[in-house]
Amino acid sequence: MKHFFQHIRVFIFRGLLAIIPLLLCVLAVQLLYVLIDQKVIGFLNNFFAVRKIPGLGILLLLIALYLIGLVVSNILGHRILKLLESIPQRIPFIKTIYGLGKQLSQGLSVADGEKQAFQKAVLVRVSKDGLWVPAFVTGSIKNPATGEEFLLVLIPTAPTPASGFVFVVKASETMDPGWSVEECLKAIVSVGIITPKEKGVNL
1 MKHFFQHIRV FIFRGLLAII PLLLCVLAVQ LLYVLIDQKV IGFLNNFFAV
51 RKIPGLGILL LLIALYLIGL VVSNILGHRI LKLLESIPQR IPFIKTIYGL
101 GKQLSQGLSV ADGEKQAFQK AVLVRVSKDG LWVPAFVTGS IKNPATGEEF
151 LLVLIPTAPT PASGFVFVVK ASETMDPGWS VEECLKAIVS VGIITPKEKG
201 VNL
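Residue numbers (the numbering used here): 1 to 203.
Dropping the structure here:
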């Protein structure tokens, strides 16, 4: 009887693990529909009649974001954005909120494929006892006298990879694990729960 209940408990737990991703997807779609789709359509209905088609609000929002992205990507749009940014920075309480939003935006920008700040992911040796930490290469320099290469690396703090400490380390003290920047970002954001694919790293 004990083995029977243990068997039931194990497979119930496995079933729960299998269904959690699906439930999260359902909740995400529901939140998108309620918080974005319906709100956008409701806002547009204040000006003109809009047919309620599921997903239309999200589609219109994505198109609007795309157009805004095009505008702020050119010189004139960038100047306009800077002018608009100066307004909330003059209001004490709003300035704090805007600063938090700006930090979040900068943190998300590390995933921008066209503005990739990180050249590649590496492992940096931090002790002689075999302790390695993931880091992102942001640049490189050479010693003009010896020709030795040094790397500028960001050693991030989990779960916010956009923050951390910048070090200049010898290239010989780093190792390329074969991880992409995206794989390393996922590992850091998930505090190691989502690990990069095994590439045969020999530490």
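A virtual CB, placed ideally from N, CA and C, is assigned to each residue, including glycine.
ask   = Is the CB-CB distance between I36 and G57 below 8 Å?
value = In this structure, the beta-carbon distance from I36 to G57 falls below 8 Å.
query = Can you tell which of S190, G55, L83 has the C-alpha that lies nearest to the C-alpha of P156?
reply = S190
message = Measuring alpha carbon to alpha carbon, tell me which residue in E183, K82, T146, L154 is nearest T174.
response = L154
task = Can you have a look at L23 and say buried or exposed, based on whether 16 or more other CB atoms are within 10 angstroms of its CB?
result = exposed
ask   = Can you list, in chain order, the residues of its chain whose CB lies under 7 Å from that of H78, leaving out five sequence neighbours each side?
value = Cβ within range, chain order: V72.
query = Using a C-beta cutoff of 8 Å, does L16 count as contacting chain B?
reply = This model lacks chain B altogether, as it is built from one protein chain only.
query = What whole-angstrom Cβ distance do A171 and E149 have, given they're in contact under 8 Å?
reply = 4 Å
task = Could you tell me the distance, in whole angstroms, from the CA atom of H7 to the CA atom of V26?
result = 29 Å
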